[in-house]
Amino acid sequence: QQPVQSPQAVILREGEDAVINCSSSKALYSVHWYRQKHGEAPVFLMILLKGGEQKGHEKISASFNEKKQQSSLYLTASQLSYSGTYFCGTANTGNQFYFGTGTSLTVIP
Amino acid sequence: DSGVTQTPKHLITATGQRVTLRCSPRSGDLSVYWYQQSLDQGLQFLIHYYNGEERAKGNILERFSAQQFPDLHSELNLSSLELGDSALYFCASSAPKAGGAYNEQFFGPGTRLTVL
Chain E
3 QQPVQSPQAV ILREGEDAVI NCSSSKALYS VHWYRQKHGE APVFLMILLK GGEQKGHEKI
63 SASFNEKKQQ SSLYLTASQL SYSGTYFCGT ANTGNQFYFG TGTSLTVIP
Chain H
90 DSGVTQTPKH LITATGQRVT LRCSPRSGDL SVYWYQQSLD QGLQFLIHYY NGEERAKGNI
150 LERFSAQQFP DLHSELNLSS LELGDSALYF CASSAPKAGG AYNEQFFGPG TRLTVL
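The structure is reproduced here in structure tokens:
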């Protein structure tokens with residue numbers, strides 16, 4: 003039931019854009035996005051509750067396609083502070099919460 | 090600072106032992122979640138409590154148990170520890186809402202458990 007993320011890892015130069023995808027084999031009712039820096043706890047970025055909804059957080063935005071059971075996280079004009087591992091997460095009807103496989107993002111100068 | 094506290098920060102113990110990890114949620118949050126993160130691995134959902142009652146179980150071993158007390162703090166008990174139980178254990182809390190699991194989760198700093 004764990005959502006699958008792609009790519010597994012990506013390296014960007016400052017100012018470049020990136021897209022992280024999250025796919026589920028089960029129906030998605032909501033999608034969360036979190037970022038975890040090395041040695042730290044995950045930090046909430048955004049939650050998407052409705053199909054097709056897009057939300058934004060600074061230069062980070064996300065979309066949610068309920069029909070395709072997918073969500074994508076868009077990072078534009080990446081900054082060094084964006085480095086970390088990004089996780090999508092979703093709850094099922096049983097109130098279990100599953101995080102995705104994770105995407106390691108490294109931004110270099 | 091997320092407002093979620095976890096103690097202890099580090100725990101080193103031997104195989105076969107039992108340990109208790111403690112979590113205090115943010116003020117006002119009724120939901121507490123426990124996660125296990127092994128070295129360079131993802132976050133595995135263990136269990137979710139809402140206002141003192143178990144709401145959902147994930148990949149939690151039978152040797153592990155948890156509870157949430159009337160003051161809403163939670164404890165995760167790990168017994169008959171094995172080497173493979175070495176991991177970072179996070180708790181998270183979220184604000185009350187119908188369906189609890191849909192709200193943003195605030196994570197504590199984690200407890201790093203090392204089983205020797």
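Chains as they are written, first to last, in my numbering: chain E, 3 to 111; chain H, 90 to 205.
Just so it is clear, CB atoms sit at the ideal spot from N, CA and C, and this is done for glycine as well.
In this text, all values refer to a predicted model and were calculated from it rather than measured experimentally.
Can you list, in chain order, the residues of its chain with a C-beta nearer than 6 Å to that of S154/H? Leave out the 5 residues immediately preceding and following it.
Start at 1 with the first residue of the second sequence, and residue 154/H comes out as number 65. Contacts found: N166.
Does the structure place the region 87-107 of chain E close enough to the region 131-149 of chain H that three or more beta carbon pairs sit under 8 Å?
yes
Should the region 97-105 of chain H be called in touch with the region 14-34 of chain E, which here means at least 3 C-beta pairs below 8 Å?
no
What in chain E is Cβ-close to H137/H, meaning under 8 Å?
Position 48 of the second sequence, counted from the start, is the residue given in the question as residue 137/H. Those within 8 Å of H137/H in chain E are N97, Q98, F99.
Can you list, in chain order, the stretches of the beta strand (DSSP E) that have 3 or more residues and sit fully within the region 99-159 of chain H?
99-102, 108-113, 120-126, 133-139, 142-146, 153-157
Any residues in the region 78-90 of chain E with a beta carbon nearer than 7 Å to a beta carbon of chain H? Which ones, in chain order?
F89
State the start and end residues of the unbroken beta strand (DSSP E) segment that holds Q71/E.
Within the first sequence, residue 71/E is the residue found at index 69, counting from 1. Neither: Q71/E is in no beta strand (DSSP E) and is coded neither H nor E.
Which of the three DSSP states is assigned to Y31/E in this structure?
For the purposes of this step, residue 31/E is taken as residue 29 along the first sequence, with counting starting at 1. Correct three-state label for Y31/E: coil.
Tell me the DSSP secondary structure of G173/H in three-state form.
Your numbering for residue 173/H matches position 84 in the second sequence. Note: G173/H maps to helix in three-state DSSP.
CB contact check: L202/H to chain E, cutoff 8 Å
Along the second sequence, one-based indexing puts residue 202/H at 113. Chain E contact via Cβ: absent.
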